[in-house]
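**Student:** Numbering (UniProt numbering), first residue to last: 1 to 174.
#1: Expressed to the nearest angstrom, what Euclidean distance is found between the alpha-carbon atoms of residue 64 and residue 89?
#2: Give me the Cα-Cα distance between residue 53 and residue 85, rounded to the nearest whole angstrom.
#3: From residue 95 to residue 42, what distance separates their C-alpha atoms?
#4: Check residue 153 in the structure and name its three-state DSSP category.
#5: Cα-Cα, which of 77, 116, 79 is closest to residue 144?
#6: How many Å lie between residue 46 and residue 107 at the Cα?
#7: Tell me the rounded alpha-carbon separation between residue 59 and residue 101.
#8: Helix, strand or coil for residue 159 per DSSP?
#9: Would the beta-carbon of residue 110 fall within 8 Å of that of residue 79?
#10: So what's residue 138 in DSSP terms, helix, strand or just coil?
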């Protein structure tokens, strides 16, 4: 009796394992695009690269000192300092890009919160409506005001460009 399979035994476990694996893959893909996570992943590589640069610089300095003192000839192969330094700078550039991207994401999030601080509820059940969210009519009026503001800015820029173009033509005539 212990060997009998109960309904819902191993089959749902396989489905749950596949779902967990799928969630882990999605999480890792999201983390690949997260600049803060990428930054954290690059820091150990940067430390290792800096240690490598210092080690090669030390070895090259010792090698050049022994050549200057006449102890060794210049035939011995030494590691290339410029290659290790280039690797270090490449990692620094990647870190800079991650920080810039994270800053842009933060700026965009702050601007989004400033210009549209409340969300429209997506739930259709009345008991799940949040007190902080906007009603649909409030959301529409907010969007209409934003469109109106964008049109005003567009018109002001067009007027300005026409004035600049008109002044340029007048100066060309004189």
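Virtual Cβ for every residue (Gly too), placed ideally from N, Cα, C. These figures come from a predicted structure and were not determined experimentally.
**Tutor:** On the basis of the coordinates in this document:
#1: One-based indexing of the chain shown puts residue 64 at position 64. One-based indexing of the chain shown puts residue 89 at position 89. So the two alpha carbons sit approximately 24 Å from each other.
#2: Working through the chain shown from its first residue, we reach residue 53 at position 53. Working through the chain shown from its first residue, we reach residue 85 at position 85. Between residue 53 and residue 85, the C-alpha separation is close to 6 Å.
#3: Against the chain shown, residue 95 aligns to sequence position 95. Against the chain shown, residue 42 aligns to sequence position 42. When rounded, the distance between both Cα atoms is 7 Å.
#4: Residue numbering aside, residue 153 sits at position 153 when the chain shown is read from its first letter. Reduced to three states, the DSSP call for residue 153 is helix.
#5: The count along the chain shown starts at 1 and reaches residue 144 at position 144. Nearest of 77, 116, 79 to residue 144, Cα basis: 116.
#6: One-based indexing of the chain shown puts residue 46 at position 46. One-based indexing of the chain shown puts residue 107 at position 107. Using only the alpha carbons, I get a separation of about 26 Å.
#7: Locating residue 59 in the chain shown gives position 59, where the first residue counts as 1. Locating residue 101 in the chain shown gives position 101, where the first residue counts as 1. Roughly 37 Å between the two C-alpha positions.
#8: The count along the chain shown starts at 1 and reaches residue 159 at position 159. DSSP places residue 159 in helix when its eight states are reduced to three.
#9: Position 110 of the chain shown holds residue 110. Position 79 of the chain shown holds residue 79. No, the Cβ-Cβ distance between residue 110 and residue 79 is not below 8 Å.
#10: For the purposes of this step, residue 138 is taken as residue 138 along the chain shown, with counting starting at 1. If DSSP states are grouped into helix, strand and coil, residue 138 belongs with the helices.
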